[in-house]
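Q: Supplied in structure tokens, the structure appears directly below.
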């Protein structure tokens with residue numbers, strides 16, 4: 658960018674193109690292609706670790722975890738058997754993860770943190786299920 662005489666900012670040809678819808682789409686496609694490359698994945702991981710280790714990143718992570726713990730506490734009914742839930746987590750087979758059948762945090766429904774709402778899934782199945790209902 659250049660500054661003109663009367664404070665008007667002049668854009669070069671590329672800058673004007675990048676502000677159009679076509680230019681924005683091209684930039685997104687290029688960025689997505691780079692993110693899928695080995696070099697892009699490595700750089701993305703480095704950026705994440707740099708952010709995570711910064712004070713601001715750690716504060717954001719603590720806030721996210723605190724929000725999840727608060728929602729989970731609200732999802733435990735008074736009649737839930739804490740010892741049975743703890744045993745379910747401790748007896749999780751190797752290579753499996755504990756999953757809530759009905760997610761605790763969802764826009765559609767709030768599942769409860771009870772023994773009846775827990776199941777064992779592989780890591781791949783659990784990640785692909787995401788925050789969706791069965």
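In our numbering, the protein residues as written are 658 to 791. Virtual Cβ for every residue (Gly too), placed ideally from N, Cα, C.
#1: Is the CB-CB distance between residue 768 and residue 727 below 8 Å?
#2: Identify which residue in 741, 758 and 748 has its Cα closest to the Cα of residue 786.
#3: Find out if the Cβ-Cβ distance for the pair residue 756, residue 783 is shorter than 8 Å.
#4: Would you mind sorting residue 658 into buried or exposed? The rule is 16 or more other CB atoms within 10 Å of its CB.
#5: Distance, Cα to Cα, residue 718 vs residue 707?
#6: Suppose contacts are defined by Cβ-Cβ distances below 8 Å. Is residue 754 in contact with residue 780 by that definition?
#7: Counting along the chain, where does the beta strand (DSSP E) carrying residue 776 start and finish?
#8: Secondary structure at residue 703, three-state DSSP: helix, strand or coil?
#9: Just verifying my parser: in three-state terms, what is the DSSP assignment at residue 696?
#10: Could you please give the first and the last residue of the uninterrupted beta strand (DSSP E) stretch that includes residue 833?
#11: Assuming the contact rule is C-beta atoms closer than 8 Å, residue 770 and residue 761 should be a hit. Round their C-beta distance to whole Å, please.
#12: Using beta-carbon positions only, say whether residue 675 and residue 685 come within less than 8 Å of one another.
#13: For residue 712, which of helix, strand or coil comes out of DSSP?
A: In brief:
#1: The residue labelled residue 768 in the question sits at position 111 within the chain shown. The residue labelled residue 727 in the question sits at position 70 within the chain shown. No, Cβ-Cβ distance for residue 768 and residue 727 is not below 8 Å.
#2: As a working mapping, residue 786 is identified with position 129 in the chain shown. Measuring from the Cα of residue 786, the nearest candidate turns out to be 758.
#3: Locating residue 756 in the chain shown gives position 99, counting from the first residue. Locating residue 783 in the chain shown gives position 126, counting from the first residue. Their beta carbons are under 8 Å apart, which means residue 756 touches residue 783 by this criterion.
#4: As a position in the chain shown, residue 658 is number 1, starting the count at 1. Any answer about residue 658 is weak, because its pLDDT of 45 lies below 50 and its placement is not dependable; what the coordinates show is given next. Looking at its Cβ environment, which holds fewer than 16 other Cβ atoms inside 10 Å, residue 658 is exposed.
#5: Against the chain shown, residue 718 aligns to sequence position 61. Against the chain shown, residue 707 aligns to sequence position 50. Cα-Cα distance, rounded: 13 Å.
#6: On the chain shown, position 97 is the one that residue 754 refers to. On the chain shown, position 123 is the one that residue 780 refers to. Closer than 8 Å, so yes.
#7: Translated into positions along the chain shown, residue 776 becomes position 119. Run containing residue 776: 775-779, per the beta strand (DSSP E) assignment.
#8: Here residue 703 corresponds to residue number 46 of the chain shown, with the count starting at 1. Here residue 703 sits in helix by DSSP.
#9: Residue 696 sits at position 39 when you count from the first residue of the chain shown. It is helical.
#10: Residue numbering for the chain in the displayed model covers 658 to 791; residue 833 lies beyond these limits and cannot be assessed.
#11: Reading the chain shown from its first residue, position 113 is the one you call residue 770. Reading the chain shown from its first residue, position 104 is the one you call residue 761. The Cβ separation is near 6 Å, so the contact holds.
#12: If you number the chain shown from 1, residue 675 lands on position 18. If you number the chain shown from 1, residue 685 lands on position 28. Not closer than 8 Å, so no.
#13: Numbered from its first residue, the chain shown carries residue 712 at position 55. Helix.
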